[in-house]
Amino acid sequence: MKIEGPKELTKWVQMTDKCCGCGACINLCPYFKQYLGNTVQVFECDLETGRCHAYCPKIEVDYAELSQKLLGKPYQGLEIGQFKAIKAARAGGALPEQPYQGGGTVSAVMAFGLAFDYFDAAVLTDSLNGRPMPRIVTRVDEVLSCAGSKFTAAPTVSALNQAIHEGYRKIGMVGTPCQMTAIAQMNYNQLDIEAIKHSQIFTVGLFCNWALSPTRFVPFLEKKCNGKNITGMDIPPPPADMFVVKTPDEKIEIPLKDIRPYIDQSCFNCIDLTSEWADISVGMFEGRPGWNTLLIRSDKGLEMVEKARESGYLIVEDMPEDTISHLKQAARKKKQRALRVAKKQNELNTSPDKGRSSIILPDTVIDQLMK
Ligand SMILES: Cc1cc2nc3c(=O)[nH]c(=O)nc-3n(C[C@H](O)[C@H](O)[C@H](O)COP(=O)(O)OP(=O)(O)OC[C@H]3O[C@@H](n4cnc5c(N)ncnc54)[C@H](O)[C@@H]3O)c2cc1C
115 MKIEGPKELT KWVQMTDKCC GCGACINLCP YFKQYLGNTV QVFECDLETG RCHAYCPKIE
175 VDYAELSQKL LGKPYQGLEI GQFKAIKAAR AGGALPEQPY QGGGTVSAVM AFGLAFDYFD
235 AAVLTDSLNG RPMPRIVTRV DEVLSCAGSK FTAAPTVSAL NQAIHEGYRK IGMVGTPCQM
295 TAIAQMNYNQ LDIEAIKHSQ IFTVGLFCNW ALSPTRFVPF LEKKCNGKNI TGMDIPPPPA
355 DMFVVKTPDE KIEIPLKDIR PYIDQSCFNC IDLTSEWADI SVGMFEGRPG WNTLLIRSDK
415 GLEMVEKARE SGYLIVEDMP EDTISHLKQA ARKKKQRALR VAKKQNELNT SPDKGRSSII
475 LPDTVIDQLM K
């Protein structure tokens, strides 16, 4: 992948509404900042190649090259990516009861990693009245206070950059597919950054169909909740067709059709439902409340899940075949939708030589996905 500088990043991503707000370009230098949900460059920078450009998941991701580099094999365009095991999981008895989003698998893995020194910090997403807030945490109680999904796009990778800057080297990181793609590019380390070479980042990717634009959605939410404190958000499974906002004394139901206009534009050409670049990926288990779907992708992921299970932090069971095939169908649909959009936007290419595009995929993969 060709790495350029902040000028190109601003021109091709921020100025063209392609930024997903993942925060990968923030806290690397004094120039990129997050302001009320927008990523902005506050001063000119003449660097010709920058980490901001190298890590961005929206300027140019060459899936074949990334896969070869990180996984040692071609990118195959599998619906839910490559994985070693798929399980049903939830937090075990070693953790207190807590209002997790689903089964608490994500919090359980992060808590286990900190408690047993696999990580010296975890990078998570908290919220302040509906606005997502990236956090670097080092204690289990802090992990629990970040539980629950904030359905707005969050600049969480900025906190990973900060954690590396502060000297943390064993880091657990939770994020959405675009954030996982940014970290995959970081791990590719084309710019040969010394701190990255010495950092071990264990990634827990969330399933994600879309995230809401913080700049547009947060003001809408504030109005809907009349300034009340927001304690949680949920999208109950079909046929509910509702978005639920929790406050200390009520649950406010908003029809999903009123929420969809706030989906971040950058989500429409995202081909990843299940965070394919993560060590493990976690989503809801439709039809089994209080449980999660868990995809284990790497050897590190296998080890972490097994150790967390042995220590009582996780409960793991087999996953029924029909649930797996349902998930694959949903993931394929997202890929097909996104490829159609990307093609229309001129953001899909089959080789870097054919011009700039945010997604570069082998033509065999595009053909096979569009069948
Ligand atoms: C924007 C978004 C869209 C999602 N869409 C789907 C979907 O379509 N299908 C599906 O099955 N699951 C989806 N999920 C994942 C699902 O909501 C749960 O996060 C997941 O099942 C894990 O549940 P848990 O009980 O293990 O999480 P918990 O133990 O409650 O932990 C949740 C973790 O998510 C992190 N987090 C919360 N909000 C964000 C954010 N905005 N960005 C990055 N990290 C965050 C927190 O740091 C916390 O560690 C989505 C999540 C998000 C944030």
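This note's numbering numbers the first residue of the sequence shown as 115 and each following residue consecutively.
Where a beta carbon is used, it is the ideal one built from N, C-alpha and C, also for glycine.
1) So, residue 201 versus residue 410, is the Cβ gap smaller than 8 Å?
2) Answer with buried or exposed for residue 267, where buried requires no fewer than 16 other C-beta atoms within 10 angstroms of its C-beta.
3) Residue 422: buried (16+ other C-beta within 10 angstroms of its C-beta) or exposed?
4) Any heavy atom of ligand 1 inside 7 Å of the beta-carbon of residue 153?
5) Leaving out five residues before and five after residue 229 in sequence, what residues of the same chain have Cβ atoms less than 7 Å from its Cβ?
6) Have a look at residue 464 and residue 250 and give me their C-alpha separation to the nearest angstrom.
7) Helix, strand or coil for residue 407, going by three-state DSSP, please let me know.
8) At the level of alpha carbons, what is the spacing between residue 315 and residue 146?
9) With hydrogens ignored, establish whether the beta-carbon of residue 61 is closer than 7 Å to any heavy atom of ligand 1.
10) Return the CA-CA distance between residue 226 and residue 459, expressed in angstroms with no decimal places.
11) Who does residue 145 pair with in a DSSP beta bridge?
12) Look at the alpha carbon of residue 343 and the alpha carbon of residue 361, and state the distance between them as a whole number of angstroms.
13) Please report how far the alpha carbon of residue 416 lies from the alpha carbon of residue 222, in whole angstroms.
14) Between 435, 418, 436, which has its C-alpha nearest residue 429's C-alpha?
15) Please name the residue in 178, 163, 129 whose C-alpha comes closest to that of residue 114.
16) Identify whether residue 345 lies in helix, strand or coil by the three-state DSSP scheme.
Taking the definition as stated:
1) yes
2) buried
3) buried
4) no
5) 254
6) One C-alpha to the other measures close to 38 Å.
7) Three-state DSSP puts residue 407 in a strand.
8) 23 Å
9) In the structure as shown, the chain starts at 115 and stops at 485, and residue 61 therefore has no counterpart that could be examined.
10) Roughly 43 Å separates the two Cα atoms.
11) Beta-bridge pairing links residue 145 to no other residue.
12) 6 Å
13) 15 Å
14) Its Cα nearest to that of residue 429, the residue 418 stands out among 435, 418, 436.
15) Coverage of the chain is limited to positions 115 through 485, which leaves residue 114 absent and any answer about it impossible.
16) coil
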